[in-house]
Every structure is written in structure tokens, then in C-alpha cells.
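*Asks:*
Residue numbers (UniProt numbering): 1 to 578.
(1) For residue 88, name the three-state secondary structure that DSSP assigns.
(2) At the level of alpha carbons, what is the spacing between residue 566 and residue 131?
(3) Tell me whether residue 413 counts as near the ligand SAM, meaning its Cβ is closer than 6 Å to at least one heavy atom of that ligand.
(4) Does the Cβ-Cβ distance between residue 196 and residue 561 come in under 7 Å?
(5) Could you have a look at residue 117 and say whether DSSP puts it in helix, strand or coil?
(6) The alpha helix (DSSP H) spanning residue 101 covers which residue range?
(7) Counting C-beta neighbours from all protein chains within 10 Å, is the total for residue 600 16 or more, i.e. buried, or is it exposed?
(8) In this structure, does DSSP put residue 205 in helix, strand or coil?
(9) Tell me whether residue 351 is buried or exposed, calling it buried when 16 or more other Cβ atoms sit within 10 Å of its Cβ.
(10) If we count Cβ pairs, one from each stretch, closer than 8 Å, do we get three or more for the region 443-463 versus the region 224-234?
(11) Could you say if the region 151-170 and the region 84-95 meet the contact criterion of at least three C-beta pairs nearer than 8 Å?
(12) Is the beta carbon of residue 203 closer than 7 Å to that of residue 218?
(13) Let me check understanding here. Comparing Cα to Cα, which of 553, 457, 499 lies closest to residue 220?
(14) Can you confirm whether the region 482-489 touches the region 237-253 when touching is taken to mean that 3 or more C-beta pairs between the two stretches lie within less than 8 Å?
(15) Are the CB atoms of residue 225 and residue 564 nearer to each other than 7 Å?
(16) For the alpha helix (DSSP H) containing residue 189, list its first residue and its last residue.
(17) So, residue 166 versus residue 106, is the Cβ gap smaller than 7 Å?
(18) On the CB-based measure, 16 or more other CB atoms within 10 Å of its CB, does residue 194 come out buried or exposed?
(19) For residue 150, which three-state DSSP category applies?
(20) Report the rounded CA-to-CA distance for residue 414 versus residue 420, giving the unit in angstroms.
(21) Output the boundary residues of the alpha helix (DSSP H) element that contains residue 142.
(22) Hey, would you say residue 81 sits closer than 7 Å to residue 163, going by beta carbons?
(23) Just the C-alpha distance for residue 284 and residue 369, rounded to the nearest angstrom, thanks.
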């Protein structure tokens, strides 16, 4: 981008009508000319676009121009036009109404920025088609009777071509809206505009604003790069953590082993308690048998007592017999007391056994509750719980028959399910390994993107530095040139003022001489008047000469401005070889 160098002016042959096209100077400054036409010339763009395309490229297929006399082609083209104009205008085939055709033509011309006039609609339509470079011709007779079979095919061809051109214009407009703004171009244009207007303060403020914005953008880019680097480091740490720690399969296998150990412990506890319960049941059976034997002995003793009482009542009693009976009674009472003491001890033993049985049942219920909780944690898929039957006489009756028929198959099924889960977890671990590899690739891509962003940032900083140097050089050069031009204009204005003062003084002197000449004589008055008129003519010629010189200076100034604007647009737009 070459912006330095000395002062260059375009040749006068390049812009012969620059003096007529240049507006007059005013106190607000020097406006830049032809900027609107340089950035938005819809008519010229449309004409150049249409002229650059062949006649069969618009509204034609791959095989050449469409034959609008064919009914199938007419129906296809009519569907295209209706789809674009719906719902505002709808053309009903095979021959639409004249009012609908004219409305469709007006709508299409408005869409391509050629709104027609109602009074001169036909002339405007023909002229617009010529400007746009429409390959199809249309006559005024066809416009007067548009709904006839003779005039409908050319009108349909024009409608179809305008529809395709409107679609192209809409696509270009949307692409222009989606294009990112060119801040450098806007900054350069505004800077030259304010420079040519002579607003040095505004130019300096614009330079400071753009440089501060560029610095902020650079700092934001650096912050973004640092953030991405931090994210990359975090991702690397997470990947290292995932690779260094145990995999999901290993964790599941460890959990499976823990569950298997718990199941084995539970089965061992159940077996030990089954043995203890069997021993207690055997001891209880023995105690019950002893209790039954004691009851039988007590019944036999009571029967013997009854028989002895009967025999005593039947016998005759003497003193020796009474004493003997008394001694026997004492012996029997002592035996009864001993029997009662033994019975009381047996009852105490029974109570102790009952209390022990109650505590053992409570312990069994606690163990059953723990077993139920372990079963819930295992989640075998069945609704099974251990319920202790205190009235049972065997382990099967106390625990119930369901633990063999329901729990064991469920535990086996759960073990099989754990095996299947382990296989699935192995597949998931393989998928996770693939995901880790993808994450590693993404990290490599992020690193490459970060390096590219850093390179772009360095290029942007270098470009900004070079641009700042160029702006400083151009500023100093343009300031010196503006100062020199200002001095030249000041000299010209001072010369013009001195000439005007001289003319005023001469006019006053001439008036005085005229008054003196009138007093002297009429001849002298006419002679002086003639001389005064000659002097006025010479003054007018001199003034015209000075105005021509000023106009020439303005012309050179505007040509310089146009040249600088064109140079800026050429340097900012990319070349065809890039």
C-alpha cells in the first residue's frame, strides 16, 4: 500500500468536466465528490451484470434458452413467478388477467429498484428493460393486450427474467449485509474526508480512536488466546487425570469384587446362624422332652399319693403305724420339697432358655434386617425379604422355603447380569478410549488454532505499526502541503483585497474628478465619464481574470481530492492476483 511520495495531480484529460461537476466552496469545508456513486451504483451494477452475462444465461437452462411458446415451459415459468410474487400477486394460467400481469410487472420493477410511474408505465417498463439489459424484447402492443395468446409468451419471458434478476439482487443484498464491515476502509475514507475538509483536530481524534480500538482488539485477541491456552491446559490436565486414574471397567470390576465378597460373607453368616439355630432347636427339643418326663413323674407321684391315702383310710391306725406314717409323711414331704425345688430350678432354667431364645430371635431378626438391606443394595430384581417365624421348629420353617427357590436363582441371575454389565463396560471403556483420542486430536487442533491466532495477532500488530507510521508520514506531509496551500490562498486573497482597495480608492477619486468636471464643463464631464467607464471595464476584466485563477485553483484542489480518494479505494481493495 503506497501512500507516501510527493504531490501528484491527475491530468486534465482524465476529467474534462471536473470544473462543471465540482460544487462551489463554502465555509463548512471541501466535500468529497462521487463517494455515493463509488459505493452504491445500483443501475450501473445491474447494467454491467446483464451485459457481462450471455443472453441465454438468465432464465435459461443448461441446454440453452427456454421456449416460452411451449405449454409445459409456460407452466414451469409461471410457477416460478408465482412462487416469488406470492402472496401479493398471483397469475392464474393459462392466460392471466391483464390487471394481474401489470401488477406483477410493477412489483418486479419495484423489487429491482426501478419503480415505474403510473402515467408512463409502458415507457418506463421498456426503458428499464433496456437499462437492465433484458435479452427479451417486448412491444407496446403486447403491453396494451397482455392476456392474449399472441402477447403472453414474450410477457412471460420478461416476467421470468425479471424474477430471476430480482432473486439475484436479493441474494447479492443479503450477501452484502452478511459481509463483515471493513473498519480500515471506513477509517481511511473518514480520515481523508476530514483531512480534505481541513479538520485536523477531527483527524487526530479519529486516529486516536482507531488506534485505541485497534489496541483494544489486539488486547482482546491476546486475552482470547490466553483463555484458549488455559482451557487447553485444563483439558490436558483432565486427560492426564483420566489416563492416570483407574478406568471405568477397573472401577466396575473392583465394585463387582466387593459385592461378591459381601455376598460370600452374607452366605457364611447365614450358614453359621443356621448351625446355631439348629443347635438351639436341638437343645430346646431335649428340654421339652425332660419337661414331659418331669410332668409324667409328677402325675405318677400324685397317683401314688392318692392310692396311699386310700390305703391309709382303709387301714386301722395304731401308734406305731401313726409314727411310721408320720415318718413316711415327713420323708414324702421332704421328697415333695426336693421335687418342688427341682421343679423351680427347672422353671428357672426354662425362663433362662426362653430369654435366651428371645435374644437369639432378636439377633436373628437384626441379621435378617441386615440381609434384607444387603439384598436391596444388590437389587436382584425380586421382592424378597427374610421374615423370621418364631413358631418354627426347623431352620426351613423359621427362614421360610422361599430363600432357596427365589433368592438363590435371583442371585445367580444378578451375577450373570453383572457379567453382562462388565462386558458392556468393557465396550464403553473402548468408546471412552476413542473419545479420549478424539479429545486429544481436538486439543492438537486447538493448539494449531492458537498458534495461527498468535501469528495473525502478530501480523495485525505489525500491520497496525506500519499503518501508524504511514499515517504519521501522511499527516506530516499533508499538513505541510495544506499549510503551503493555505499560504498561497492567503497571498491570493490579500492581493485581491489590495486590488479591491485600489479600485475603491480610484472610484472615489474618479467621482471627485467627475464632480469637478461637471462643474467645469459638460465636455469635460463626458470625457471623464468615458474615461471612468474604460477604467471600470479594465477593473472588471482584472476581476474576471482573478476569478478565473481562483476557479483554476479550486479545480486543481478538487482534482487532487478525487485522485487521493481513488488512490485510497485502489489501495484498500484487493488486487486480482491475490
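Glycine included, each C-beta is placed from N, C-alpha and C at the ideal position. Small disclaimer: the values here were computed from a predicted structure and weren't measured.
*Replies:* A quick look at the data gives this:
(1) Position 88 of the chain shown, counting from 1, holds the residue named residue 88. Coil, per DSSP.
(2) As a working mapping, residue 566 is identified with position 566 in the chain shown. As a working mapping, residue 131 is identified with position 131 in the chain shown. If I take the Cα positions, the gap works out to 26 Å.
(3) Absent from the structure shown: the ligand SAM. Ligands present: none.
(4) Here residue 196 corresponds to residue number 196 of the chain shown, with the count starting at 1. Here residue 561 corresponds to residue number 561 of the chain shown, with the count starting at 1. Cβ atoms of residue 196 and residue 561: closer than 7 Å.
(5) Counting from 1 along the chain shown, the entry for residue 117 is found at position 117. Note: residue 117 maps to coil in three-state DSSP.
(6) Counting from one through the chain shown, the residue named residue 101 turns up at place 101. Looking at the DSSP string, the run of the alpha helix (DSSP H) that includes residue 101 is 98-111.
(7) For residue 600 there is no data in the structure shown, the boundaries of the chain being 1 and 578.
(8) For the purposes of this step, residue 205 is taken as the residue at position 205 of the chain shown. It is helical.
(9) Here the question's residue 351 lines up with position 351 in the chain shown. With fewer than 16 other beta carbons inside 10 angstroms of its own, residue 351 counts as exposed.
(10) Touching, per the Cβ criterion.
(11) Three or more beta-carbon pairs drawn from the region 151-170 and the region 84-95 are found closer than 8 Å, and the two stretches are therefore classed as touching.
(12) As a working note, residue 218 is residue 218 in the chain shown. As a working note, residue 203 is residue 203 in the chain shown. The Cβ atoms of residue 218 and residue 203 do not sit closer than 7 Å to each other.
(13) As a position in the chain shown, residue 220 is number 220, starting the count at 1. Selection 553, 457, 499 evaluated against residue 220 yields 457 as nearest (Cα-Cα).
(14) Taking 8 Å as the limit for Cβ pairs, the verdict is that the region 482-489 does not touch the region 237-253.
(15) On the chain shown, position 225 is the one that residue 225 refers to. On the chain shown, position 564 is the one that residue 564 refers to. Using a Cβ distance threshold of 7 Å, residue 225 and residue 564 do not count as a contacting pair.
(16) Position 189 of the chain shown, counted from the start, is the residue given in the question as residue 189. The continuous alpha helix (DSSP H) containing residue 189 extends over residues 183-197.
(17) As a first step, residue 166 is located in the chain shown; it is residue number 166 there, counting from the start. As a first step, residue 106 is located in the chain shown; it is residue number 106 there, counting from the start. Taking 7 Å as the cut-off, the Cβ atoms of residue 166 and residue 106 do not count as close.
(18) Along the chain shown, one-based indexing puts residue 194 at 194. Its Cβ being crowded by 16 or more others within 10 Å, residue 194 is buried.
(19) In the chain shown, residue 150 corresponds to position 150, counting from 1. Shown here, residue 150 sits in coil according to DSSP, grouped into three states, outside any helix or strand.
(20) On the chain shown, residue 414 is found 414 positions in, with the first residue counted as 1. On the chain shown, residue 420 is found 420 positions in, with the first residue counted as 1. In this structure, the straight-line span from the alpha carbon of residue 414 to that of residue 420 is close to 10 Å.
(21) The residue given as residue 142 occupies position 142 in the chain shown. 140-144 is the span of the alpha helix (DSSP H), which, as asked, contains residue 142.
(22) Here residue 81 refers to the residue found at position 81 of the chain shown. Here residue 163 refers to the residue found at position 163 of the chain shown. Yes; because the gap between Cβ atoms is below 7 Å, this pair is in contact.
(23) The sequence position of residue 284 within the chain shown is 284, counting from 1. The sequence position of residue 369 within the chain shown is 369, counting from 1. About 25 Å.
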